[in-house]
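Chemist: Chains as they are written, first to last, in the working numbering: chain A, 572 to 769; chain B, 572 to 769. Just so it is clear, CB atoms sit at the ideal spot from N, CA and C, and this is done for glycine as well.
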DNA sequence: CGTTCATTTGACACGTGTCAATCCCAGTGG
DNA sequence: CCACTGGGATTGACACGTGTCAAATGAACG
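1) Could you name the residues of chain A that residue 596 of chain B contacts, counting a contact when the two beta carbons are closer than 8 Å?
2) Residues in the same chain with beta-carbon distance under 7 Å from residue 704 of chain A, minus the five sequence neighbours each way, listed in chain order, please.
3) If we cut at 8 Å on Cβ distances, does residue 578 of chain A have a partner in chain B?
4) Mind checking the region 735-758 of chain A against chain B and listing, in chain order, the residues whose C-beta falls within less than 8 Å of any C-beta there?
5) For my contact list, residue 752 of chain B and residue 683 of chain B are in at a C-beta cut-off of 8 Å; report their separation, rounded to the angstrom.
6) Just to confirm before moving on: does the CB-CB distance between residue 775 of chain A and residue 678 of chain A stay below 8 Å?
7) At a Cβ cut of 7 Å, what residues of the region 658-686 of chain A count as close to chain B, listed as they run along the chain?
8) Going by the DSSP bridge assignment, what does residue 636 of chain B pair with across the sheet?
9) Use the C-beta contact count for residue 612 of chain A: other C-beta atoms within 10 angstroms, 16 or more gives buried, fewer gives exposed.
10) List, in chain order, every chain A residue whose beta-carbon is nearer than 7 Å to that of residue 592 of chain B.
11) Just to confirm before moving on: does the CB-CB distance between residue 579 of chain A and residue 638 of chain A stay below 8 Å?
12) For residue 706 of chain B, which of helix, strand or coil comes out of DSSP?
13) Let me make sure I understand the geometry here. Which of B:654, B:756 and B:701 has the alpha-carbon closest to that of residue 596 of chain A?
14) Residues of chain B with CB under 7 Å from residue 722 of chain A, in chain order?
15) Is there at least one Cβ from chain A nearer than 8 Å to residue 656 of chain B's Cβ?
16) Can you name the start and end residues of the beta strand (DSSP E) that residue 623 of chain B belongs to?
17) Could you say if the region 599-610 of chain B and the region 654-667 of chain B meet the contact criterion of at least three C-beta pairs nearer than 8 Å?
18) Buried or exposed: residue 701 of chain A, going by 16 or more other Cβ atoms within 10 Å of its Cβ?
19) Could you give the residue range of the beta strand (DSSP E) that holds residue 695 of chain A?
20) Return the CA-CA distance between residue 635 of chain A and residue 610 of chain A, expressed in angstroms with no decimal places.
21) Does the beta-carbon of residue 733 of chain B, which I'm using as the reference point, lie nearer than 7 Å to any heavy atom of the ligand NAP?
22) Any idea what DSSP makes of residue 740 of chain B, helix, strand or coil?
23) Return the residues of the region 693-719 of chain A that lie within a Cβ-Cβ distance of less than 7 Å from chain B, sorted by chain order.
24) Please name the residue or residues paired with residue 526 of chain A in a DSSP beta bridge.
25) Grab the span of the alpha helix (DSSP H) containing residue 658 of chain A for me, first residue to last.
26) Take residue 592 of chain A and list the residues in its own chain whose beta-carbon comes closer than 7 Å to its own, dropping the five residues that flank it on each side.
27) Let me make sure I understand the geometry here. Which of B:633, B:676, B:695 and B:711 has the alpha-carbon closest to that of residue 598 of chain B?
28) Closer than 6 Å by C-beta to residue 713 of chain A: which residues in its own chain qualify, once you throw out the five before and the five after it? Chain order, please.
29) Give me the Cβ distance between residue 607 of chain A and residue 583 of chain A, rounded to the nearest whole Å; I'm assuming they're in contact under 8 Å.
30) Would you list the one or two residues that DSSP bridges to residue 589 of chain B?
31) Among B:647, B:653, B:674 and B:657, which has the Cα closest to the Cα of residue 719 of chain B?
32) In the DSSP assignment, the alpha helix (DSSP H) including residue 749 of chain B goes from what residue to what residue?
33) Take residue 742 of chain A as the anchor and find which of A:749, A:629 and A:581 has the nearest alpha-carbon.
34) In chain B, which residues lie less than 8 Å from residue 581 of chain A when you measure between Cβ atoms?
35) Compute the Euclidean distance between the alpha carbons of residue 653 of chain A and residue 731 of chain B, then round it to the nearest angstrom.
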């Protein structure tokens with residue numbers, strides 16, 4: 572519900588979705604993909620003329636907090652409040668990276684970045700430990716994430732496929748050539764850990 | 572100092588600057604312009620391979636905090652800690668808007684947006700009450716903010732000038748035709764208030 | 001009075017957007 | 001069981017916005 576201030580905050584327990592900004596003329600920019608473990612609602616509490624909105628891509632299970640409880644949290648559990656602020660800082664940090672990629676890189680590099688980061692993110696949330704993961708988004712979602720047109724997104728994807736770097740069909744994303752993909756994304760290659768981080 | 576974790580946090584008391592991300596190949600993306608009243612350092616505490624860095628454009632006067640004091644703040648002044656988190660949420664909100672503009676809009680619209688928002692921001696910080704303000708950035712800064720090349724930034728600026736919408740020289744930005752500029756930026760026109768907000 | 005950096009301008013190349021048609025597939029209803 | 005429908009994916013042709021290259025001008029500074 573873009574433009575309305577939700578009285579709730581959420582943590583995603585299960586499911587995937589996305590957070591987006593819809594401009595007055597109807598153009599959509601996906602601000603971030605949402606994975607289990609993500610905390611939503613702080614930013615969305617601010618609804619200006621350019622509001623954020625949340626979409627569930629799959630069915631989701633959420634942990635719901637009342638916004639009013641937030642102040643109590645700060646009073647009773649300063650360490651948790653500290654963690655919360657830390658989370659906000661982290662997410663702002665990643666947003667800055669997204670802005671840099673969209674602002675400075677060409678299509679193929681943006682897409683490589685999106686795939687590489689999504690996989691890393693999915694790993695840190697325990698969605699996968701290998702080079703493939705559930706990725707139920709549409710090409711339109713990806714286009715709006717990267718600031719590209721739908722058509723050009725499709726053609727760029729075709730290039731990545733032809734190069735043998737990734738495969739993406741039936742809601743499943745597979746990175747076939749991690750080394751080269753991460754090179755294009757200009758991200759350091761990060762091999763899967765034997766054990767999840769947490 | 573990109574890539575290093577500063578042990579300090581800052582509030583800007585005087586001066587202007589910018590926060591940017593420098594990609595591995597040297598490309599720079601300005602993440603936000605910094606005005607008096609801005610709080611810096613939370614995001615910058617996170618230094619990954621794509622680090623944020625801060626630049627002072629003019630001489631600045633800062634209020635310096637030790638990062639170690641932050642935890643004490645959360646213990647002793649939960650209301651202040653709450654405000655701090657709120658600030659982080661606000662700045663993430665604006666970052667989302669910036670991403671949307673860079674991702675979805677053409678050059679002239681991006682630039683109109685940057686000018687319009689800068690003026691609004693400057694007003695809320697008491698830098699001006701009219702339609703002009705001190706704006707000591709270079710065209711390169713603006714180009715890196717909007718995700719445009721330097722040359723094209725210059726030509727787009729020339730168009731805005733020719734249209735009689737803005738003037739920008741000698742570190743001073745003047746909005747000559749607010750109504751039309753805000754229309755191009757697709758932002759609601761906001762007239763100056765008699766009194767500052769705070 | 002040179003050096004350096006910011007700004008400005010023109011010509012041209014190229015990446016990306018737009019338009020339009022087709023294909024594919026899942027869901028739906030006859 | 002089979003049209004029929006609608007949304008996503010795919011492809012080609014073409015237009016246009018933006019990037020790149022190069023050169024000139026102007027302003028600040030030692």
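Modeler: Considering the structure as presented:
1) Sequence index remark: in the second chain, residue 596 of chain B carries index 25 (1-based). One finds 757 in chain A with Cβ atoms closer than 8 Å to the Cβ of residue 596 of chain B, taken in chain order.
2) One-based indexing of the first chain puts residue 704 of chain A at position 133. Correct list, in chain order: 690, 693, 698 and 744.
3) Position 7 of the first chain, counted from the start, is the residue given in the question as residue 578 of chain A. Output row for residue 578 of chain A: interface = no.
4) Of all residues in the region 735-758 of chain A, 757 and 758 have a Cβ within less than 8 Å of some Cβ in chain B.
5) Here the question's residue 752 of chain B lines up with position 181 in the second chain. Here the question's residue 683 of chain B lines up with position 112 in the second chain. That pair is a contact at about 5 Å.
6) Absent from the model: residue 775 of chain A. The displayed extent of chain A is 572 to 769, so no value can be given.
7) Residues 659, 660, 661, 662, 663, 664, 666, 667, 668, 669, 670, 671, 673, 674 and 675.
8) Position 65 of the second chain, counted from the first residue, corresponds to residue 636 of chain B. Paired residue(s): B:580.
9) For the purposes of this step, residue 612 of chain A is taken as residue 41 along the first chain, with counting starting at 1. The residue is buried, with at least 16 neighbouring Cβ atoms inside 10 Å.
10) Within the second chain, numbered from 1, the residue matching residue 592 of chain B stands at position 21. Those within 7 Å of residue 592 of chain B in chain A are 667, 668 and 671.
11) Residue numbering aside, residue 579 of chain A sits at position 8 when the first chain is read from its first letter. Residue numbering aside, residue 638 of chain A sits at position 67 when the first chain is read from its first letter. A Cβ-Cβ contact shorter than 8 Å links residue 579 of chain A with residue 638 of chain A.
12) Stepping through the second chain from its first residue, residue 706 of chain B is reached at position 135. DSSP places residue 706 of chain B in coil when its eight states are reduced to three.
13) The residue labelled residue 596 of chain A in the question sits at position 25 within the first chain. It is B:756 whose Cα lies nearest to the Cα of residue 596 of chain A.
14) For the purposes of this step, residue 722 of chain A is taken as the residue at position 151 of the first chain. Those do not exist, as residue 722 of chain A stays about 16 Å from chain B at its closest Cβ, beyond 7 Å.
15) Here residue 656 of chain B refers to the residue found at position 85 when the second chain is read from its first residue. At least one CB of chain A lies nearer than 8 Å to the CB of residue 656 of chain B.
16) Working through the second chain from its first residue, we reach residue 623 of chain B at position 52. Here the beta strand (DSSP E) through residue 623 of chain B covers 623-627.
17) yes
18) The sequence position of residue 701 of chain A within the first chain is 130, counting from 1. It counts as exposed.
19) For the purposes of this step, residue 695 of chain A is taken as residue 124 along the first chain, with counting starting at 1. First-last for residue 695 of chain A: 678-695, but that is the alpha helix (DSSP H), not the beta strand (DSSP E).
20) Within the first chain, numbered from 1, the residue matching residue 635 of chain A stands at position 64. Within the first chain, numbered from 1, the residue matching residue 610 of chain A stands at position 39. About 10 Å.
21) This structure does not include the ligand NAP; it has no bound ligands of any sort.
22) Numbered from 1 along the second chain, position 169 holds the residue referred to as residue 740 of chain B. The answer is strand: DSSP assigns residue 740 of chain B an E or B state.
23) 718
24) In the structure as shown, chain A begins at 572 and stops at 769. Residue 526 of chain A is therefore absent and cannot be evaluated.
25) If you number the first chain from 1, residue 658 of chain A lands on position 87. Residues 649-675.
26) Mapped onto the first chain, residue 592 of chain A falls at position 21. Around residue 592 of chain A: 600, 602, 621 and 623.
27) Taking the second chain and counting its residues from 1, the one referred to as residue 598 of chain B is at position 27. Cα-wise, what sits closest to residue 598 of chain B is B:711.
28) Numbered from 1 along the first chain, position 142 holds the residue referred to as residue 713 of chain A. Excluding residues within five positions, the ones whose Cβ falls inside 6 Å are 724.
29) Here residue 607 of chain A corresponds to residue number 36 of the first chain, with the count starting at 1. Here residue 583 of chain A corresponds to residue number 12 of the first chain, with the count starting at 1. Indeed, because the Cβ distance is near 5 Å, the residues count as touching under 8 Å.
30) Translated into the one-based positions of the second chain, residue 589 of chain B becomes position 18. Answer is B:604 and B:626.
31) Numbered from its first residue, the second chain carries residue 719 of chain B at position 148. Among B:647, B:653, B:674 and B:657, the Cα nearest to that of residue 719 of chain B belongs to B:674.
32) Locating residue 749 of chain B in the second chain gives position 178, counting from the first residue. Looking at the DSSP string, the run of the alpha helix (DSSP H) that includes residue 749 of chain B is 749-756.
33) As a working mapping, residue 742 of chain A is identified with position 171 in the first chain. Checking every option, the nearest Cα to that of residue 742 of chain A belongs to A:629.
34) Position 10 of the first chain, counted from the start, is the residue given in the question as residue 581 of chain A. Going along chain B, no residue has its Cβ under 8 Å from residue 581 of chain A, so there is no contact; the nearest lies around 14 Å.
35) Walking along the first chain from the start, residue 653 of chain A turns up at place 82. Walking along the second chain from the start, residue 731 of chain B turns up at place 160. Their Cα atoms are separated by approximately 45 Å.
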